[in-house]
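J.:
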Amino acid sequence: MVNENQIDTFTRFYSVSRETIKIFKKYEEMLIRENKNLNLIGDSTINTIWERHFMDSCQIIDFIDKNDKNLVDIGSGAGFPGLALAIIARDRNIPVKVKLIDKSPKKTNFLSKISKELSLDIEVVNVNIFQEIDKIRGDIIVARAFKPLKIILELIHNIDENWKKTFVFLGKSGQEELHEASKIWDIKYKQRVSVTNDDSIVIELNKLKRK
């Protein structure tokens, strides 16, 4: 049973409308219903979906503006952070076009189903992104619980299209991953402590060059 305090905290923190909360509640219901078959999220986070997944995913919304035309979520899984960002972007009238990419057919079927159910204009792509890198085309790239930072950097460095911002959600090993990556890459980035966990960080990459 989800603690109502989590929903209240989310509502106050992001100042979203009641209608948007209803949409997130429907998202939550579908996640819980489909999770046993699809293994979308860890069982230990079922009771903290609003904090662990919704609040965590939405924390970069203030760094997306109306000039950003499209956002690509690589390794989207259950829709974090991309689908959650699509919901809150609509609440804030940010017209960013969202693309969710995952290699699992079952998960992309779920993402397509829930996008339709929530009336979200989202493109869902079932592909192994390492085999079809041209699918990553966007002003903004986001990655959460996807791959180690060094692999993500190699991936986005190989993209022909220019990107403006890349957001990577990193856990407790984030600082170590950054240190290791800096041996290979010159990285221009901003670092922010996660709003849901002081031990985690979110980095915003603005420029990447191999040393």
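No gaps in the numbering here: position 7 of the sequence shown is 10 in the numbering used here, and each next residue is one more. Just so it is clear, CB atoms sit at the ideal spot from N, CA and C, and this is done for glycine as well. All figures in this text were calculated on a predicted structure; none of them were measured in a lab.
(1) Do LYS175 and ASP202 count as a contact pair if the criterion is CB distance below 7 Å?
(2) Are three or more beta carbon pairs between the region 141-148 and the region 106-113 nearer than 8 Å?
(3) Assign GLN62 to one of three DSSP states: helix, strand, or coil.
(4) How long is the line joining the alpha carbons of LYS210 and ASN6, rounded to whole angstroms?
(5) Which residue's Cα is closest to the Cα of ARG195: LYS102, GLU126, ASP59 and ILE91?
(6) Beta-carbon within less than 7 Å of LEU41's beta-carbon, same chain only, minus the 5 sequence neighbours each way: which residues are those?
(7) Measuring CA to CA, which of GLU37, ILE91 and ARG55 is closest to SER18?
(8) So GLY82 and ILE117 are supposed to be a Cβ contact under 8 Å. How far apart are they, rounded?
(9) Going by alpha carbons, who is nearest to ASN73 out of THR48, PHE66 and VAL99?
(10) By Cβ distance, which residues of its chain are closer than 6 Å to ARG56, with the 5 residues on each side in sequence left out?
(11) Let's test the definition: count the other Cβ atoms within 10 Å of the Cβ of LYS102 and tell me whether it reaches 16, buried, or not, exposed.
(12) Rounded to the nearest angstrom, what separates GLU32 and LYS214 at their Cα positions?
(13) So what does DSSP say about ILE218, is it helix, strand or coil?
(14) Let me make sure I understand the geometry here. Which of ASP65, GLN9 and LYS138 has the alpha-carbon closest to that of TRP166?
(15) For ILE44, is the classification buried or exposed, using 16 other Cβ atoms within 10 angstroms of its Cβ as the cut-off for buried?
(16) How is ALA87 classed by DSSP in three states: helix, strand or coil?
(17) Looking at the strands, I want to know which residues DSSP matches up with LEU208.
(18) I need the DSSP call for ASP76, collapsed to helix, strand or coil.
T.: Considering the structure as presented:
(1) In this structure, LYS175 lies closer than 7 Å to ASP202 by Cβ.
(2) With the rule of 3 Cβ pairs closer than 8 Å, the region 141-148 does not count as touching the region 106-113.
(3) Note: GLN62 maps to coil in three-state DSSP.
(4) About 40 Å.
(5) Closest by alpha carbon: ASP59.
(6) Counting only Cβ-Cβ distances below 7 Å, and skipping sequence neighbours, we find LYS109, LYS110 and PHE113.
(7) When only C-alpha atoms are compared, the closest one is ILE91.
(8) Contact between GLY82 and ILE117 holds, with the beta-carbon distance rounding to 7 Å and staying under 8 Å.
(9) If we check each option's Cα against that of ASN73, VAL99 comes out closest.
(10) Checking the displayed sequence, the identity of residue 56 turns out to be His instead of Arg. The answer, listed in chain order, is PHE83.
(11) So LYS102 counts as buried.
(12) Going by the C-alpha atoms only, they are around 47 Å apart.
(13) One cannot answer for residue 218 here, as it falls past the ends of the chain, which runs 4 to 214.
(14) With distances taken between CA atoms, TRP166 lies nearest to LYS138 out of ASP65, GLN9 and LYS138.
(15) The residue is buried, with at least 16 neighbouring Cβ atoms inside 10 Å.
(16) Note: ALA87 maps to helix in three-state DSSP.
(17) In DSSP, LEU208 forms a bridge with THR169 and TYR192.
(18) It is a strand residue.
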